[in-house]
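Quick notes on the structure that follows.
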Amino acid sequence: MKLYCLSGHPTLPCNVLKFKSTTIMLDCGLDTTSVLNFLPLPLVHSPRLSKLPGWISKDGTINLEKELKDCAGRVFVDSQPEFCLPERELLDLSTIDVILISNYHCMMALPYITEHTGFTGTVYATEPTLQIGRLLMEEVVNFMERVPKAQSATCWKNKEIQRMLPGPLKDAVDVWTWKRCYSMQEVNSALSKVQLVGYSQKVELFGAVQVSPLSSGYSLGSSNWIIQSHHEKVSYVSGSSLLTTHPQPMDQSSLKNSDVLILTGLTQMPTANPDGMLGEFCSNLAMTIRAGGNVLVPCYSSGVIYDLLECLYQFIESASLGTTPFYFISPVANSSLEFSQIFAEWLCHNKQTKVYLPEPPFPHAELIQTNKLKHYPSIHGDFSSEFRQPCVVFTGHPSLRFGDVVHFMELWGKSSLNTIIFTEPDFSYLDALAPYQPLAMKCVYCPIDTRLNFHQVSKLLKEVQPLHVVCPEQYTQPPLTQSHRSDLMLELQPPPMPYRRCSVLNLPFRRRYERVYILPEVSEQVVHFPL
Amino acid sequence: MPEINVTPLGAGQDVGRSCILVSIGGKNIMLDCGMHMGYNDDRRFPDFSYITQNGRLTDFLDCVIISHFHLDHCGALPYMSEMVGYDGPIYMTHPTKAICPILLEDFRKITVDKKGETNFFTSQMIKDCMKKVVPLNLHQTVQVDDELEIKAYYAGHVLGAAMVHIKVGSESVVYTVSVNKYAKSHISAWIDKCRPDILISESTYATTIRDSKRCRERDFLKKVHETIERGGKVLIPVFALGRAQELCILLETFWERMNLKAPIYFSTGLTEKANHYYKLFITWTNQKIRKTFVQRNMFEFKHIKAFDRSYADNPGPMVVFATPGMLHAGQSLQIFKKWAGNEKNMVIMPGYCVQGTIGHKILNGQRKLEMEGRATVRLLISFALTKRLIHVGKLLACVFCFHTLQLDVKLQVEYMSFSAHADAKGIMQLIRMAEPRNMLLVHGEAVKMEFLKGKIEQEFSIDCYMPANGETATVTTNPSVPVDISLNLLKREMALGGPLPDPKKPRTMHGTLIMKENSLKLVSSEQALKELGLNEHQLRFTCRVQLQDPHSDPDTLHRIYTHLKSVLKGYTIQHLPDGTVMVESIVIKVSSSAEDTNAKVLLLSWSYQVKHRHCPCSRLSKLGQKHNRLKT
Chain A
1 MKLYCLSGHP
11 TLPCNVLKFK
21 STTIMLDCGL
31 DTTSVLNFLP
41 LPLVHSPRLS
51 KLPGWISKDG
61 TINLEKELKD
71 CAGRVFVDSQ
81 PEFCLPEREL
91 LDLSTIDVIL
101 ISNYHCMMAL
111 PYITEHTGFT
121 GTVYATEPTL
131 QIGRLLMEEV
141 VNFMERVPKA
151 QSATCWKNKE
161 IQRMLPGPLK
171 DAVDVWTWKR
181 CYSMQEVNSA
191 LSKVQLVGYS
201 QKVELFGAVQ
211 VSPLSSGYSL
221 GSSNWIIQSH
231 HEKVSYVSGS
241 SLLTTHPQPM
251 DQSSLKNSDV
261 LILTGLTQMP
271 TANPDGMLGE
281 FCSNLAMTIR
291 AGGNVLVPCY
301 SSGVIYDLLE
311 CLYQFIESAS
321 LGTTPFYFIS
331 PVANSSLEFS
341 QIFAEWLCHN
351 KQTKVYLPEP
361 PFPHAELIQT
371 NKLKHYPSIH
381 GDFSSEFRQP
391 CVVFTGHPSL
401 RFGDVVHFME
411 LWGKSSLNTI
421 IFTEPDFSYL
431 DALAPYQPLA
441 MKCVYCPIDT
451 RLNFHQVSKL
461 LKEVQPLHVV
471 CPEQYTQPPL
481 TQSHRSDLML
491 ELQPPPMPYR
501 RCSVLNLPFR
511 RRYERVYILP
521 EVSEQVVHFP
531 L
Chain B
1 MPEINVTPLG
11 AGQDVGRSCI
21 LVSIGGKNIM
31 LDCGMHMGYN
41 DDRRFPDFSY
51 ITQNGRLTDF
61 LDCVIISHFH
71 LDHCGALPYM
81 SEMVGYDGPI
91 YMTHPTKAIC
101 PILLEDFRKI
111 TVDKKGETNF
121 FTSQMIKDCM
131 KKVVPLNLHQ
141 TVQVDDELEI
151 KAYYAGHVLG
161 AAMVHIKVGS
171 ESVVYTVSVN
181 KYAKSHISAW
191 IDKCRPDILI
201 SESTYATTIR
211 DSKRCRERDF
221 LKKVHETIER
231 GGKVLIPVFA
241 LGRAQELCIL
251 LETFWERMNL
261 KAPIYFSTGL
271 TEKANHYYKL
281 FITWTNQKIR
291 KTFVQRNMFE
301 FKHIKAFDRS
311 YADNPGPMVV
321 FATPGMLHAG
331 QSLQIFKKWA
341 GNEKNMVIMP
351 GYCVQGTIGH
361 KILNGQRKLE
371 MEGRATVRLL
381 ISFALTKRLI
391 HVGKLLACVF
401 CFHTLQLDVK
411 LQVEYMSFSA
421 HADAKGIMQL
431 IRMAEPRNML
441 LVHGEAVKME
451 FLKGKIEQEF
461 SIDCYMPANG
471 ETATVTTNPS
481 VPVDISLNLL
491 KREMALGGPL
501 PDPKKPRTMH
511 GTLIMKENSL
521 KLVSSEQALK
531 ELGLNEHQLR
541 FTCRVQLQDP
551 HSDPDTLHRI
561 YTHLKSVLKG
571 YTIQHLPDGT
581 VMVESIVIKV
591 SSSAEDTNAK
601 VLLLSWSYQV
611 KHRHCPCSRL
621 SKLGQKHNRL
631 KT
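First to last, the protein sequences are chains A and B. So the first sequence is numbered by UniProt numbering: it starts at 1 and just counts up by one. So the second sequence is numbered by UniProt numbering: it starts at 1 and just counts up by one.
This is the structure in structure tokens:
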């Protein structure tokens, strides 16, 4: 049994498990942090961005004026942003039999894999994962396609040249494999290969292996997977949460008695308490509004935003923000809000009980009904005429490189009255803000990451007792910036087996027995001797 | 031989009061727990005393599964769990769990508050009963205990209706209510080819093979439209949830398209709530509705308004959806009585009507109706009381008149089977999909079942049962026995047949079966001996071959050795220094008799195991004879 590790990003994993002659891809995460190296895509012409000076090496030997721009001492690629794909050379991806998806954030690389590698297998995901995953893909495609960029920068990727570039471009890895965003057609084709599964459904793969998704408590329809035969069991834990938010609670007991547990998707903010962050979010928001400023919240169009809206629903009245308009701008805003209300069986108990009444499970329905929350597909159209300030705007993309958020950065960045509040943990906020410097706007960083922290995960592992744990190498040592915090790493006996991008691990497995069936005709003739 | 027993307590050769007991692999399961619409006495509920005469049912049932929220499938549930007594798990889907208590409460109100019955379940009992419910998700495999597992499939009959696959070991039963053959258009797969031992299916419309859905819809709209055009009123008796919502969508779009102005009303307070349920559980409705829900929710109606009882006397055309669907009580019956005398009006029965209900009578062409005696007494009293309360008096007097005079039915009666019960074609399709070994029909009339039974037996050559209530159908099963085989043994046995196993050819293999603590293990005999701490006994076969050879013993042996080497290619042949030749594990020795040194005795010896294997033994003994001939 072997594990091929195709992604180095611990929360956007992509691993391939070979088990009893089946080849199973676990998640299909797309590392989007690569887009931070690119200039933002403005929706309307930005004189500031277009006037940025081109980059020429100090000695003047390399001139990449057209491709690279200098902004406040950092160099950015002036091209359509590109994503870092899972490794495609480590094994023949056309041999993959199935892909198991754990949550909608971990499927963004799917079109690259299913459409361009000769893949002929099946993708398994839950219904909310498929529907919301589709929305997130649609959103990114829309963001990219509505501001087409003719230029595609490639010269800087030349190894000799990249070596000479200033950081962080110099240190970017595998830049030749970076790819532009896929098209809607590729998305549709990729998603047509998805077969829906429900929690605890047992799916037989070729009669050799049985896979089954379990609730992971992180997002709508998010799942961990059990991959087992009659005598061996592998658990794949990815993006799980023990906090009480909107999704169904995590199923922990089914993870027991695993031979191997593959652990990915722990919190990216091990030191930030989500509840505390939520409080800080609300108080900063209220403060800015009271001072007459606007609040910008860069976010994904599904997930934590539901919790933010629910929190605000309770907060608005007490903070006398009743008249402040809240806007949610995304090409899929409406769909995301509507979809969240129809997945009753995937929600936590409290929300399920509401549906039985019958009432919508999320209070944002009421915010919309009372006109406190309005949603628009983009800043163009109705929004431009109905928009009032001061206001709160939720919009994407959290990288600040594309989407409507770019417009609000240009619009509000110059005033210190306004505040940008980061809630998504996927991008470093300093890197995200870099191409907008110098900036007068206030920045507040309240990353909300509900995934398991180290304390929770060690408790969980004690509980479920796997024989071996496999995890990204990042989890086996404290974070670089906090090297003294030995509590921010996994300490286990036996020690976890670390992996990194391109690792191939031999999993410690000894198969002793196999299940066979004796035909009724034979079993009738069995004469037994008691010993 | 293991067997599966199926006993209907209700719905055996009958429609209504579904309640079927299944015993499989030592587990007892109750499928549905419904009430009968046609009765008001004890016969209303299934006879639970069949299970046990005294005491609670908990000890006798492993679980209860409810297929959908119609009262003929869940109406007896609080009675069973709270009054008879059952504390085990009750499984139903989320929408069923949401809607079922509302219908039960409604049913209770009509029975207790309106009809004044006592000894009936209370609101609190409904709540307590619902606490025992475990919600099911589609396709989720639920482990009721270590051995019993159940899995729900989409059935498409009404919101949240499910087919259930019940499995213990390798034995299984599928129970399906009224499978809607349009269920396939739902995004989730219909049912796998799960080859159950028994498929239990409803057969309400066993003899009907209905026209296409679109045809029926067009017909329905045409009839409604014609009645409206001539100024008549249309009554559509429905159950609050289910087909009613689909018909509403149909009329709503038709009104929009034709720009019609006649009002459409929907009776009972449930309407809005019902539509809300549909909105929130949209993932359980059909694909078309789901696809468009973000743009426009199909369950927000512009033309359909809430009904008030005073509207029934308004002049001019109108369409009214009223509950209940079989015209046996409530608002639909009241409106029917008002409108029945006018031949311009029309009643459209969109579903099945149980015997004994007014709906059943008028569908059978009865044009003169009489009211029940029991109501008379109360009505007479009310009538006396209401002389002072003019407006109520008028209405009740009217009912009173119907009783004394007989009700002449002049309005047009139309039947449209919109009800989503399985028809013959649907059932046949289901059999083709699931490939059951046996078929069992419930929830249908005996005559119609008989017809379908014949058809199934003829087309699929499988046995088809149709037990009556209290009668048990027994099916013997033939499960294969799961065994854990040691991987070493498996690999070794596989290697014997060449590098690749041929999946098409059966092959015998040898091993020892160890039964220990309820588990079966197949291991090599060496391992078995080791594990069980037994000594190995060797059984050897020997054979003596006489031949004439003038050479010395070692020479003879050597000659045999060289000869064997030339003829037995591919076997390991060794000439050992102790004066033996080994062909694989077969030992050959030569000795000469004391009297005649030319007469040599060849001693062959091999173990018991070798004899069974693919071995050179037989060839060797034949060779021995040949050799003999050669020399002589």
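Yeah, the Cβ is synthetic: ideal placement off N, Cα and C, and Gly gets one too. Just so we're clear, the structure is a prediction, and the values are computed from it rather than from any experiment.
- For the C-beta of residue 528(A), the chain B residues within less than 9 Å are, from N- to C-terminus, 513, 515.
- In the displayed model, residue 60(A) falls within coil according to three-state DSSP, outside both helix and strand.
- In terms of Cα proximity to residue 408(B), the closest of 282(B), 339(B), 201(B) is 339(B).
- In the same chain as residue 255(B), and ignoring 5 residues on each side of it, the C-beta atoms closer than 6 Å to its own belong to 303, in chain order.
- A Cβ-Cβ contact shorter than 7 Å links residue 203(B) with residue 441(B).
- In this structure residue 79(A) is in contact with residue 151(A), their Cβ atoms being roughly 6 Å apart against a cut-off of 8 Å.
- Relative to the Cα of residue 521(A), the nearest Cα in the group 480(B), 559(B), 487(B), 62(B) belongs to 480(B).
- Residues of chain B with a Cβ closer than 7 Å to the Cβ of residue 344(A) are, in chain order, 94, 280, 281.
- The C-alpha of residue 221(B) lies about 13 Å from the C-alpha of residue 235(B).
- Distance from the CA of residue 155(A) to the CA of residue 174(A), rounded to the nearest whole angstrom, comes to 14 Å.
- In the structure shown, residue 133(A) falls within a helical segment according to DSSP collapsed to helix, strand and coil.
- Within chain A, the residues 200 have their CB atoms less than 8 Å from the CB of residue 142(B), given in chain order.
- Residue state for residue 196(A) is assigned as strand, using DSSP reduced to three classes.
- For residue 236(B), the enclosing beta strand (DSSP E) starts and ends at 233-237.
- When CB distances to chain B are screened at a threshold of 8 Å, not a single residue of the region 417-439 of chain A falls below it.
- Residue 277(B) reaches chain A at 358, counting residues in chain order whose Cβ is nearer than 7 Å.
- Here residue 19(A) is actually not in contact with residue 76(A); their C-beta atoms are around 43 Å apart, not less than 8 Å.
- Residues of the region 467-489 of chain A with a Cβ closer than 7 Å to any Cβ of chain B: none.
- When the beta-carbon positions are compared, residue 419(A) and residue 444(A) come within less than 7 Å of each other.
- For residue 592(B), no CB of chain A lies under 7 Å from its own CB, so it is not counted at the interface with that chain.
- For the set 148(B), 459(B), 164(B), 143(B), the Cα lying nearest the Cα of residue 155(B) is the one of 164(B).
- Distances from the alpha-carbon of residue 92(A) to those of 118(A), 283(A), 296(A) put 118(A) closest.
- When secondary structure is reduced to three states using DSSP, residue 120(B) falls in the coil class, being assigned neither helix nor strand.
- By the beta-carbon neighbour count (other beta carbons within 10 angstroms, threshold 16), residue 468(B) is exposed.
- By the CB criterion at 7 Å, residue 361(A) and residue 354(A) fall inside the cutoff.
- Listed along chain A, the residues sitting closer than 8 Å to residue 97(B) by beta-carbon distance are 356.
- Following the DSSP letters along the chain, one finds residue 360(B) inside the alpha helix (DSSP H) bounded by residues 358-363.
- At a cut-off of 7 Å, the C-beta of residue 532(B) has a neighbouring C-beta in chain A.
- Around the beta carbon of residue 197(B), a 10 Å sphere encloses 16 or more other beta carbons of the protein chains shown; the residue is thus reported as buried.
- Residue pairing by DSSP places residue 5(A) opposite 15(A) in a beta bridge.
- For the 7 Å CB-CB criterion, residue 161(A) and residue 62(A) form a contact.
- Here residue 10(B) is bridged, per DSSP, to 19(B).
- For residue 78(B), the nearest beta carbon of chain A is not closer than 7 Å to its own beta carbon.
- Identification of chain A residues near residue 483(B) by a Cβ-Cβ cut-off of 8 Å yields 515, 516, 517, 518, ordered along the chain.
- Of the residues 498(A), 36(A), 314(A), 448(A), the one whose Cα lies closest to the Cα of residue 168(A) is 36(A).
- Collapsing the DSSP output to three states places residue 187(A) in a helix.
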